[in-house]
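Visitor:
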Amino acid sequence: MAQSFRLPEGGVIDRSKSLRFSFDGRSYEGHPGDTLASALLANGVHLVGRSFKYHRPRGIFSAGAEEPNALVQLGEDPRTDPNQRATQVELFDGLTAMPQHCWPSLEFDLNETASLASRFLPSGFYYKTFMWPNWKLFEGPIRHAAGLGRAPRLPDPDRYDKTYAHCDLLVVGGGPAGLAAALAAGRRGARVLLVEQDSTLGGHLLSSPDSEIDGQPAAEWVEAARAELESLPEVRVLTRSTCFAYYDHNFLGVLEKVTDHYAPYSRPQHLPRQRMWKVRAAQVVLASGAIERPPVFRDNDRPGIMLASAASAYLRRWGVKPGGRALVLTNNDSGYRAALDLKNAGVDLAAVIDLRLAAEGPLSAQARDEGIPIRSGHAVTGTQGHLRLRKAFVAPMDGEGRRVFGGGEPIECDLLAVSGGWNPTVHLFCQSKGSLEWDEQLACFRPARSMQRNQAVVGGANGTFALGEALREAHAAGLQAAEAAGFAGSGSERQAPRAGGEGDFLPLREIYLVPSIQPVGQGGKHFVDQQHDVAASDLLLALREGYRSIEHVKRYTTTGMATDQGKTSNVNAIGIVAEHLGKPVPEVGVTTFRPPYTAVTFGAFAGRDVDGLLDPERTTPMHGWHQAQGAAFEDVGQWKRAWYYPRPGEDMHTAVAREVKATRDSLGILDATTLGKIEVRGPDAARFLDLVYTNMFSTLKVGRCRYGLMLKEDGMVFDDGVTSRLAEDRFLMTTTTGGAANVLDWLEEWLQTEWPEMKVYLTSVTEQWATMTISGPKAKALLGEVSDLKLDSETFPHMSFAEGRVAGVKARVFRISFTGEMSFEINVPARYGLAVWETLIRAGAKYAITPYGTEAMHVLRAEKGFIIVGQETDGSVTPLDLGMNWIVSKKKPDFLGRRSLFRPDMQKPDRKQLVGIETEDGREVLPEGAQLVESNGAARPPVPMVGHVTSSYWSPNCGKAIALALVKGGQARMGQRLYAPLADRTVACTITEPVFFDKAGERLHG
Amino acid sequence: MLLIDCPHCGPRSETEFSYGGEAHIARPLDPAALSDAEWADYVFLRDNPKGLIRERWMHAHGCRRWFNVARDTVTYEILTVYPMGAEPPDLPERRYP
Ligand SMILES: [Zn+2]
Chain X
1 MAQSFRLPEG GVIDRSKSLR FSFDGRSYEG HPGDTLASAL LANGVHLVGR SFKYHRPRGI
61 FSAGAEEPNA LVQLGEDPRT DPNQRATQVE LFDGLTAMPQ HCWPSLEFDL NETASLASRF
121 LPSGFYYKTF MWPNWKLFEG PIRHAAGLGR APRLPDPDRY DKTYAHCDLL VVGGGPAGLA
181 AALAAGRRGA RVLLVEQDST LGGHLLSSPD SEIDGQPAAE WVEAARAELE SLPEVRVLTR
241 STCFAYYDHN FLGVLEKVTD HYAPYSRPQH LPRQRMWKVR AAQVVLASGA IERPPVFRDN
301 DRPGIMLASA ASAYLRRWGV KPGGRALVLT NNDSGYRAAL DLKNAGVDLA AVIDLRLAAE
361 GPLSAQARDE GIPIRSGHAV TGTQGHLRLR KAFVAPMDGE GRRVFGGGEP IECDLLAVSG
421 GWNPTVHLFC QSKGSLEWDE QLACFRPARS MQRNQAVVGG ANGTFALGEA LREAHAAGLQ
481 AAEAAGFAGS GSERQAPRAG GEGDFLPLRE IYLVPSIQPV GQGGKHFVDQ QHDVAASDLL
541 LALREGYRSI EHVKRYTTTG MATDQGKTSN VNAIGIVAEH LGKPVPEVGV TTFRPPYTAV
601 TFGAFAGRDV DGLLDPERTT PMHGWHQAQG AAFEDVGQWK RAWYYPRPGE DMHTAVAREV
661 KATRDSLGIL DATTLGKIEV RGPDAARFLD LVYTNMFSTL KVGRCRYGLM LKEDGMVFDD
721 GVTSRLAEDR FLMTTTTGGA ANVLDWLEEW LQTEWPEMKV YLTSVTEQWA TMTISGPKAK
781 ALLGEVSDLK LDSETFPHMS FAEGRVAGVK ARVFRISFTG EMSFEINVPA RYGLAVWETL
841 IRAGAKYAIT PYGTEAMHVL RAEKGFIIVG QETDGSVTPL DLGMNWIVSK KKPDFLGRRS
901 LFRPDMQKPD RKQLVGIETE DGREVLPEGA QLVESNGAAR PPVPMVGHVT SSYWSPNCGK
961 AIALALVKGG QARMGQRLYA PLADRTVACT ITEPVFFDKA GERLHG
Chain C
1 MLLIDCPHCG PRSETEFSYG GEAHIARPLD PAALSDAEWA DYVFLRDNPK GLIRERWMHA
61 HGCRRWFNVA RDTVTYEILT VYPMGAEPPD LPERRYP
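One line per chain: the protein sequences are X and C, in this order.
First residue of the first sequence: 1, per UniProt numbering; consecutive thereafter.
First residue of the second sequence: 1, per UniProt numbering; consecutive thereafter.
(1) Give the DSSP-derived three-state secondary structure of K554/X in the structure shown.
(2) Any heavy atom of ligand 1 closer than 7 Å to the beta-carbon of R65/C?
(3) Counting Cβ pairs closer than 8 Å, one from the segment 323 to 335 of chain X and one from the segment 552 to 564 of chain X, do we hit at least three?
(4) Does the beta carbon of G62/C fall short of 7 Å from some heavy atom of ligand 1?
(5) Quick one: measure Cβ to Cβ for M561/X and A672/X, integer angstroms, because I've assumed they're closer than 8 Å.
(6) Which two residues bound the contiguous beta strand (DSSP E) that contains M58/C?
(7) Could you tell me the alpha carbon to alpha carbon distance between R119/X and R402/X, rounded to whole angstroms?
(8) Is H8/C near ligand 1, in the sense that its beta carbon is under 7 Å from a heavy atom of that ligand?
(9) Does DSSP put A502/X in a helix, in a strand, or in coil?
(10) Please report the residue range of the alpha helix (DSSP H) in which A278/X lies.
(11) Beta-carbon of P31/C versus every beta-carbon of chain X: anything under 8 Å?
(12) Our contact map puts I511/X next to L539/X with C-beta atoms below 8 Å; I'd like the distance itself, whole angstroms only.
(13) In this structure, how does DSSP classify R119/X when only helix, strand and coil are distinguished?
(14) Which partner residues does W438/X have in the DSSP bridge list?
(15) May I have the straight-line CA-CA distance separating M397/X from L355/X, to the nearest angstrom?
(16) Say whether chain B places a C-beta atom closer than 8 Å to the C-beta of H249/X.
(17) Do we get a CB-CB distance below 8 Å when we pair L2/C with the residues of chain X?
(18) In chain order, what are the residue ranges of uninterrupted beta strand (DSSP E) at least 3 long that sit wholly in the UniProt domain "Aminomethyltransferase C-terminal" (912 to 998) of chain X?
(19) How is N48/C classed by DSSP in three states: helix, strand or coil?
(20) Kindly indicate which three-state DSSP category L71/X falls into: helix, strand or coil?
(21) So, at 6 Å on beta carbons, what are the nonlocal neighbours of G833/X in its own chain, with the 5 sequence-adjacent residues on each side left out?
(22) I'd like to confirm something about H59/C: is its beta-carbon nearer than 7 Å to some heavy atom of ligand 1, or not?
(23) Taking only beta-carbon atoms, is D998/X less than 8 Å away from chain C?
(24) Buried or exposed: where does H166/X fall if 16 or more other Cβ atoms within 10 Å of its Cβ makes it buried?
(25) Under a CB-based cut-off of 8 Å, is M451/X close to chain C?
(26) Using C-beta distances below 7 Å, list every residue in its chain close to L79/C, excluding the 5 sequence neighbours before and after it, in chain order.
(27) Excluding five sequence neighbours on each side, which residues of the same chain lie with their C-beta closer than 7 Å to the C-beta of E16/C?
(28) Roughly how many angstroms separate the alpha carbons of E803/X and K790/X, rounded to a whole number?
(29) Would you please state the rounded distance, in angstroms, between the beta carbons of V660/X and N957/X? I believe it to be under 8 Å.
(30) Where does the unbroken alpha helix (DSSP H) through R153/X begin, and where does it stop?
(31) Check the Cβ-Cβ distances between T592/X and every residue of chain C, and say whether any is below 8 Å.
(32) What is the residue span of the alpha helix (DSSP H) that T663/X lies within?
(33) Grab the span of the beta strand (DSSP E) containing G30/X for me, first residue to last.
(34) Have a look at L307/X, D874/X, E767/X and flag the residue whose alpha-carbon is nearest the alpha-carbon of V828/X.
(35) Take G637/X and list the residues in its own chain whose beta-carbon comes closer than 7 Å to its own, dropping the five residues that flank it on each side.
(36) With the cut-off set at 8 Å, would you say L428/X and C243/X are in Cβ contact?
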């Protein structure tokens, strides 16, 4: 029968409309206002999943964010989400959900036999099993048996947004305390942001609609508060919005589920699926409420066992009977709220089992007056029922609460509502580094000291459980926050809302581990963390094995480390450890709370920063031309650089070989726009460059260029490039493509922090100039034809620059070379880049001008033994290691990094030094990164590594493979043999000088 | 995430800044005169106090100016910001157990 457990009336649901949904392939109906959990319960469905490790049948345990069991796979590819708490999923028409980690079916799960083998899955199982060398044998079967839902296989079709918000006051939680705080501050005109994870405001008042506030029924007071907040122009209320993270200086993350509650076909197209709010709040009031703590008794995990507060919520908020015949287990007065609600709803209530010696408190008294049977000083010693609770066993306890008498009397029931006290929801407070103290009377951790300024915790989150007191506290916190944010009172302000003391649950008896007829661990399991299947026996085992710190016990047993982060288990684990060690709870301490409070979709973190918008792409003015030529591109930092230009039928190897050869034979052209360009200007520019480069720049003549090497203060090579003196007080520095921003930062740092007296200023001009390098024997001829420059070596020698017109455009031309060929680097204003490039291509046709990409550029420079910073260097390489002593000035008394070069470690002969490597075979190209050893593979491991290959290519001009490598003491090992052990073979090679082509350097001069 | 009061732009989120480590470490005027140990102390060694630290920040995605910050490394409170080259403000040391 449809919704046979729906009460005839009551609840905040719209009974006029029906919504169809499916779970585990079966169709059901529910109403707007339902969650997936309440709708399932209305249809009598309790069994919703299998447990993580033992595959035990599990049901709906809570009615909120703390849910450990009712995790479902929601929707279908590509719109599917794993691990969704059925207790927080709003029902919509057409919703589909599937249970997780059960196989082959929910009712019949083969892996449930793992339960029988549970003595083989004790705590620390993973640490003890997944050990070298046999861990691979276990990984497959364990992964198949475990697993929490599945990720979508297709790309996410939805849109997510990110937004920032700044407010005077952020209130987290839309229950009575949060509403009171928001009203108090909002009425003063403060900009208030109130966030509530639920679909509607009210918090726990939704489950107790007949509580009274200011003489009104709670539901009416909440509605009035909502309406008033909405009327205040500076107040914004976000529902379906979870504050999941709290960082320093009142920076908080909020996930707003914008359209998740609509049926997919009716989701408004203009809205994102979810929105990530990054909130910076002047003041924060945490009114995040409290979460009920379950008592830990034997076989406490069967479907039909749920928190007492959840039973009340299903009855009162959703008009659903969570069972036909109920039993209540409690150690405090609040359990009686569920008993009274069950009785009022006409559920057959067997009894209240009270762990306390006597039932005390206002609700207990009311229950007694209403004739509810109460058994105080009793325990539930175990339960029965496979897919649903059938029976609980009840026995009297001794005065200590450590033992029970007798075998336990069976009581038939299909619902067991349990309460073990309340834990303030301190997650956000603790994330913000607030510290807790143990409240002896309430038996809970509550906020003690804030680490953040301008923060208050109110209501249940603060351990203030009585409604009237919570409202007063929250109202005061709201006023104080407004005051601190500059909104003074008028003197005729409204008072705090008034209400009675309900919600107080004292007295409470602390029993963390409820005794059974057998010792813990025998005859059944006392589950502490249901989501990770951690039982009390696992905790005790960890203690027996010597773990004492609660952080270690937590990691060893994985208690509280599931997706629910132990919302219903952490304090019980601490309590059980304390009981067992005979220590007070506060001495055991608490574990660390980390974001997120509840899981956040990756999509929401990414927002729009996906695909092409992930990172800016930088392209040169000639990019379109490269594309039209079919170039392959490589990413260099954010730049897209032409990598090689394959002709039809060519692979990368052939294309690169052709480009390399053409450049040496006749003429090549490279787009070098991406090289970093920094103008260094000012009267002290030359003196400044003398300090940041290893070599001298003050002696550089105007119109000349010089290659320079930059070191960090530790003496390690940091960047290199050619710097030209444009005028007495003006230099143009070039940097590596990837290092440009870092170099600018580095130079700025010294100018601003150490040498502020220097009159130097720096301007990045990388994007102002398009740069093209023509290189090869015909370079001079081509440039002569398209420019007005005098190119004879007298007027325009190597390492000099000239200004003139190239292809009719004003240009700076540098005669410098990274290929070893005569080369000209032509710089024109960026907007003329393409035109000049195309002119060069046209005019160069008669010389078979060949565009070459970065790969050919790398080969050409490697043939000459020129280093690339970041390839031959890795932050641990000095100029001496590179054999570049010639560039380290002996005359300058100081430059950055100089003193470090004289440290004893820098002088050691066995430092890794740059060498060339040729393979014996000559055709074998070593992989870059290959390690080099001295023995040929016959030696027993471990074999000492003496070096590694940094660059390696096929050199068409040399007709053999060439490589650069860093080898220990390499400069003294010329001609020696080394071996490169690869996965399938060992390659013999020889150490050479790191120059392979035109060793005399004659080609530079044409 | 810290809220840093840039002396030139006002309060901005930490993500706009880059960190420059401990402040008031002057580069030695004559490095060649230092022993290896003295030089290593300048290059490699920094204090890691629990409590008050004076450190350098740069407003990388803003004015790009360097400045000094006095911060408590336990509470992450920023006690004051002051310009490069200024004398460190006289602040009480913060001691934690
Ligand atoms: Zn700034």
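Backbone N, C-alpha and C define an ideal beta-carbon position, used for all residues, glycine too.
Quick caveat, the model's predicted, so the values are computed rather than measured.
Guide: Taking the coordinates as given:
(1) helix
(2) yes
(3) no
(4) yes
(5) Incorrect: roughly 52 Å between the Cβ atoms, too far for contact.
(6) Boundaries of the beta strand (DSSP E) around M58/C: 52 to 58.
(7) Because the pLDDT at R119/X is just 49, under 50, the model does not fix this residue reliably, and the value given afterwards should be weighed accordingly. Those two C-alpha atoms are separated by around 24 Å.
(8) Yes.
(9) Per the sequence shown, residue 502/X should be read as Glu rather than Ala. Strand.
(10) The amino acid occupying residue 278/X in the given sequence is Lys; Ala does not appear at that position. Careful: K278/X lies outside any alpha helix (DSSP H), inside the beta strand (DSSP E) at 274 to 286.
(11) yes
(12) I511/X to L539/X, Cβ: 15 Å. No contact.
(13) Low confidence applies here, because R119/X scores a pLDDT of 49, under 50, leaving its location unreliable; read the following figure in that light. In the displayed model, R119/X falls within a helix according to three-state DSSP.
(14) F445/X
(15) 8 Å
(16) Reference to chain B is not applicable here, since the protein chains of this structure are X and C.
(17) yes
(18) 912 to 919, 931 to 933, 945 to 955, 960 to 968, 977 to 981, 986 to 992
(19) If DSSP states are grouped into helix, strand and coil, N48/C belongs with coil.
(20) strand
(21) Shown here for G833/X: same chain residues with a beta carbon closer than 6 Å to its own, the five before and five after excluded, namely P621, M622, A770 in chain order.
(22) yes
(23) By the rule that beta-carbons nearer than 8 Å mark a contact, D998/X does not touch chain C.
(24) Exposed, since its Cβ has fewer than 16 Cβ neighbours within 10 Å.
(25) yes
(26) A70, R71, D72, L91
(27) H59, A60, H61, G62
(28) 10 Å
(29) N957/X and V660/X do touch by the CB rule: their CB atoms are close to 6 Å apart, below 8 Å.
(30) Counting along the chain, R153/X falls outside any alpha helix (DSSP H), and DSSP gives it neither H nor E.
(31) no
(32) 652 to 665
(33) 26 to 30
(34) E767/X
(35) T737, G738
(36) yes
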